[in-house]
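Chemist: Below is one structure. I have some questions about it.
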Amino acid sequence: MAAIFQGVGAAAALSSSPSNSFDSKKLLFSPRRSFSVKKGASVVVVRSDGNVNLDLNPRGRRAQQLIANAVATKADSSATSSSSKPGHELLLFEALREGLEEEMERDPSVCVMGEDVGHYGGSYKVTKGLATKFGDLRVLDTPIAENSFTGMGIGAAMTGLRPVVEGMNMGFLLLAFNQISNNCGMLHYTSGGQFTIPIVIRGPGGVGRQLGAEHSQRLESYFQSIPGIQMVACSTPYNAKGLMKAAIRSENPVILFEHVLLYNLKERIPDEDYICNLEEAEMVRPGEHVTILTYSRMRYHVMQAAKTLVNKGYDPEVIDIRSLKPFDLYTIGNSVKKTHRVLIVEECMRTGGIGASLTAAINENFLDYLDAPIMCLSSQDVPTPYAGTLEEWTVVQPAQIVTAVEQLCH
Amino acid sequence: MALSHLATSSSRSAALLRPLSSSIYLRRPISTDTTPITVETSVPFTSHQCEAPSRSVETNPKELLTFFRDMALMRRMEIAADSLYKAKLIRGFCHLYDGQEAVAVGMEAAITKKDCIITAYRDHCTFVGRGGTLLEVFSELMGRQAGCSRGKGGSMHFYKKDSNFYGGHGIVGAQVPLGCGLAFAQKYSKDENVTFALYGDGAANQGQLFEALNISALWDLPAILVCENNHYGMGTAEWRAAKSPAYYKRGDYVPGLKVDGMDALAVKQACKFAKEHALKNGPIILEMDTYRYHGHSMSDPGSTYRTRDEISGVRQRSVIQLKE
């Protein structure tokens, strides 16, 4: 319920390091359900049913109730009282692990391979405990040989096994590019449909905390052209677990992009079995003025900016596109038809990134509905610097998002 | 004619002549004669880190005739493909296997359809060996729907899932990790089958091969890596590409066997040996010493980097003539 705030709080907490963004300090919420009331800005009402609503101080525009977290795919109702909330709370990496574990229990052909996934428990603890539970043949520690173990995963998938291949960092999968492109993506086609490759390739990517250029790669832009694969990006514990399960169950090869900085997000997720649609976008915050399309970590920068925007009287509609290939043009299109203005906020590089493709797709399909050219905020086309201040400025910051919306909507 | 050649080239004892000559009186034609014969391979096996198998191969006239028929079929098929390519009915890439038929045929004789085979782009004959029909081959080569990959793959992408033939791969060396993945799946399902991952002497220098070999040896996978050494990686001779052209030794800690790839019986013996070994001890490398008469592909005349004499010299010990 309070996921978004929790997420924002967590992201804000994550981003509050000495040399970092001044924005985060303004919006830091420490306790979970109480918020400091700013001068005439906003009042937070916590309902007994657990819904957190942000009341706008009417400043001459509109005083509408705004549901802070309107995730379209979440089916659970808000009818229960806050004391006996359904579901259980966990961190994003635990949600991934839960999804993986449930699928491994459900289907004996699911196996995991990657560096340090077994005895070590995974470099981000996603596979912790699985080796002890399922044994060394199902949770395989590979040597540092991405090209070959990704190839082996694909070969195993050709026979019907369902491997989950982990790249310790997405950037390392560049070494397996040939296998992912030519074999994973194309074998279903070149064999005339004889083989399906039900493999999941997953790992953390994105810009972290001063990890350096080679460990801050965003591979979604390189992989997006590969025919035959599906790409999804998770951003909350809820969709992380759901997407992981759906990806494993899918007969298609799916690349699941996680983000290094999002592993410690906490959220309450349902107890029962659920999956998220691999090709659906998530409505994070419905609005009227502008459609902001984003995914992965930038979702949190967008939501942070959304707070400022809301104070300034704007009503942004925020959609987490989740499915990077194919795009959910249905949800996106409906939004564009409503708001007529689009801002894309992504962590990819400007050149050849997901935003570039999305801009083209929206222009091709919905040009008549646009009142202004699409704006795309992306990372700078530079290798990510080590110095924190420099790194911060290669990535889109909430202040830039606010400025962009103001420019778009003036 | 065929009978007497069979007798003279393959047997050392006159005793063999008797059952064969008796069959001339048509009491039992050769094609169904399963009297066991033992043949000695002309070239001994050389081994690395293991005991070489015996040079005496068990076979029977029926099998020998099958070898001859299959190899002759494959040879004619490849020559026909050559003509079709020159007639522009086959486009793109076409890599012909003539000269190397003994490897495909000998391997099939030693294994079952439950064992997996994966190879690179010189796959037409391997596909036929796995049970593919000529119609599927030529349809695929000409881009028709009746092809094994429905016309969508082409020469380099023949697959036959029901007989565990996994292709058919264009990128040099990339099929070896796939092959080790197949072996992994076999170990995972505990089904006592093995995988033969074929590659060429050119691919033997790929890093991913050694990566896959390391993992296979580490996890004891039933993977048999078969280097079809035709001595040329496209236009580059093996001595110009590999510091150590003893490909069967390059596995280092993995045992290896060098086999005369022009002799189907030697190939059969080696593959049988390798299958037993792999099921017990993990990966093994087989180096098949063979030769291709055509160039690397149809766009390569094959004469710029080797002499006519060399090619005709190898034809002397031609695989099919041996069987005759």
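In order, the protein sequences belong to chains F and L.
Under the working numbering, the residues of the first sequence are numbered 1446 to 1855, in order.
Under the working numbering, the residues of the second sequence are numbered 1124 to 1447, in order.
Just so it is clear, CB atoms sit at the ideal spot from N, CA and C, and this is done for glycine as well.
1) Comparing the C-beta of P1588/F with each C-beta of chain L, is any distance below 8 Å?
2) Buried or exposed for D1552/F, going by 16 or more other Cβ atoms inside 10 Å?
3) In its own chain, which residues sit with a C-beta less than 7 Å from the C-beta of I1434/L, not counting the 5 before and 5 after it?
4) Pull up the CB-CB distance for V1382/L and F1168/L, whole angstroms please, since I reckon it's below 8 Å.
5) What residue from R1663/F, I1737/F, P1698/F and S1593/F has the CA that sits closest to F1640/F's CA?
6) Is DSSP giving Y1719/F helix, strand or coil here?
7) Just confirm the distance between the C-beta atoms of T1318/L and D1221/L, as a whole number of angstroms; I'd bet it's less than 8 Å.
8) Give a yes or no on whether 8 Å exceeds the smallest Cβ distance from Y1282/L to chain F.
9) In angstroms, rounded to a whole number, what distance separates the CA positions of L1738/F and G1612/F?
10) At a CB distance below 8 Å, what residues from the stretch 1613 to 1639 of chain F approach chain L? Give them in sequence order.
11) Pull the bridge partners of D1412/L from the DSSP assignment, please.
12) If you draw a straight line from the alpha carbon of A1210/L to that of L1264/L, how long is it in whole angstroms?
13) Quick test of your reading: S1823/F and G1798/F, contact by CB under 8 Å. State the CB separation rounded to the nearest angstrom.
14) Is it true that the CB of L1710/F sits closer than 8 Å to the CB of L1582/F?
15) Does L1402/L get closer than 8 Å to chain F when you measure Cβ to Cβ?
16) Pull out every residue of the stretch 1217 to 1246 of chain L whose Cβ sits closer than 9 Å to any Cβ of chain F, in chain order.
17) With C-beta atoms as the reference, is F1594/F less than 8 Å away from V1609/F?
18) With C-beta atoms as the reference, is P1643/F less than 8 Å away from A1602/F?
19) Specify, as a first and last residue, the run of the beta strand (DSSP E) that A1806/F falls within.
20) May I ask you to report which of helix, strand or coil DSSP gives S1824/F?
21) If you run the structure through DSSP and keep just helix, strand and coil, what is P1184/L?
22) Beta strand (DSSP E) containing D1765/F: first to last residue?
23) Below 8 Å, how does it come out for the stretch 1159 to 1177 of chain L and the stretch 1371 to 1385 of chain L: are there three or more Cβ pairs, yes or no?
24) With DSSP collapsed to three states, give me the class of R1363/L.
25) With DSSP as the reference, identify every bridge partner of Q1675/F, one or two as the case may be.
26) Flag N1592/F as yes if its beta-carbon sits less than 8 Å from any beta-carbon of chain L, otherwise no.
27) If you check the beta carbons only, do L1788/F and A1691/F fall under 8 Å apart?
28) Does I1646/F come within less than 8 Å of chain L when only Cβ atoms are used?
29) Using 8 Å as the limit for Cβ to Cβ distance, is A1308/L near chain F?
Modeler: To lay it out plainly:
1) The sequence position of residue 1588/F within the first sequence is 143, counting from 1. With 8 Å as the cut-off, P1588/F counts as an interface residue toward chain L.
2) As a working mapping, residue 1552/F is identified with position 107 in the first sequence. It is exposed - the Cβ of D1552/F has fewer than 16 other Cβ atoms within 10 Å.
3) Indexing the second sequence from 1 puts residue 1434/L at position 311. Y1416, listed in sequence order.
4) Taking the first residue of the second sequence as position 1, residue 1382/L is located at position 259. Taking the first residue of the second sequence as position 1, residue 1168/L is located at position 45. Yes, V1382/L and F1168/L are in contact; Cβ-Cβ is about 6 Å, under 8 Å.
5) Indexing the first sequence from 1 puts residue 1640/F at position 195. Residue P1698/F is the option with its Cα nearest to F1640/F.
6) Your numbering for residue 1719/F matches position 274 in the first sequence. Three-state DSSP puts Y1719/F in coil, outside helix and strand.
7) Along the second sequence, one-based indexing puts residue 1318/L at 195. Along the second sequence, one-based indexing puts residue 1221/L at 98. Not really, about 26 Å apart at Cβ, beyond 8 Å.
8) By 1-based counting over the second sequence, the position of residue 1282/L is 159. Closer than 8 Å: yes.
9) For the purposes of this step, residue 1738/F is taken as the residue at position 293 of the first sequence. For the purposes of this step, residue 1612/F is taken as the residue at position 167 of the first sequence. Roughly 27 Å separates the two Cα atoms.
10) N1623, Q1624, N1627, N1628, L1632, Y1634, T1635, S1636, G1637, G1638 and Q1639
11) Residue 1412/L sits at position 289 when you count from the first residue of the second sequence. Looking at the DSSP assignment, D1412/L forms a beta bridge with N1352/L and D1383/L.
12) Counting from one through the second sequence, the residue named residue 1210/L turns up at place 87. Counting from one through the second sequence, the residue named residue 1264/L turns up at place 141. When rounded, the distance between both Cα atoms is 13 Å.
13) Within the first sequence, the letter at position 378 stands for residue 1823/F. Within the first sequence, the letter at position 353 stands for residue 1798/F. That belief holds up - the Cβ atoms of S1823/F and G1798/F are roughly 5 Å apart, short of 8 Å.
14) Within the first sequence, the letter at position 137 stands for residue 1582/F. Within the first sequence, the letter at position 265 stands for residue 1710/F. Taking 8 Å as the Cβ cut-off, L1582/F and L1710/F do not qualify as a contacting pair.
15) Residue numbering aside, residue 1402/L sits at position 279 when the second sequence is read from its first letter. Not one chain F Cβ lies under 8 Å of L1402/L.
16) C1239 and I1241
17) Working through the first sequence from its first residue, we reach residue 1594/F at position 149. Working through the first sequence from its first residue, we reach residue 1609/F at position 164. No. Outside cutoff.
18) Locating residue 1643/F in the first sequence gives position 198, counting from the first residue. Locating residue 1602/F in the first sequence gives position 157, counting from the first residue. In contact: P1643/F and A1602/F (Cβ atoms closer than 8 Å).
19) Translated into the one-based positions of the first sequence, residue 1806/F becomes position 361. Where A1806/F is concerned, there is no enclosing beta strand (DSSP E), although the alpha helix (DSSP H) it sits in stretches over I1799 to F1811.
20) Here residue 1824/F corresponds to residue number 379 of the first sequence, with the count starting at 1. If DSSP states are grouped into helix, strand and coil, S1824/F belongs with the strands.
21) Translated into positions along the second sequence, residue 1184/L becomes position 61. Helix at P1184/L.
22) Here residue 1765/F refers to the residue found at position 320 of the first sequence. Taken as a continuous stretch (DSSP letters only), the beta strand (DSSP E) holding D1765/F covers P1761 to D1765.
23) yes
24) Taking the second sequence and counting its residues from 1, one reaches residue 1363/L at position 240. In the structure shown, R1363/L sits in a helix (DSSP, three-state: H, G or I).
25) Against the first sequence, residue 1675/F aligns to sequence position 230. Answer by DSSP bridge pairing, in chain order: V1699/F.
26) Along the first sequence, one-based indexing puts residue 1592/F at 147. Cβ-Cβ to chain L under 8 Å: yes for N1592/F.
27) Position 343 of the first sequence, counting from 1, holds the residue named residue 1788/F. Position 246 of the first sequence, counting from 1, holds the residue named residue 1691/F. No, the pair does not count as a contact, with Cβ atoms beyond the cut-off.
28) Within the first sequence, the letter at position 201 stands for residue 1646/F. Taking Cβ atoms only, chain L never reaches closer than 8 Å to I1646/F, which makes this a no.
29) Residue mapping note: residue 1308/L aligns to position 185 of the second sequence, counting from 1. By this cut-off, A1308/L is an interface position.
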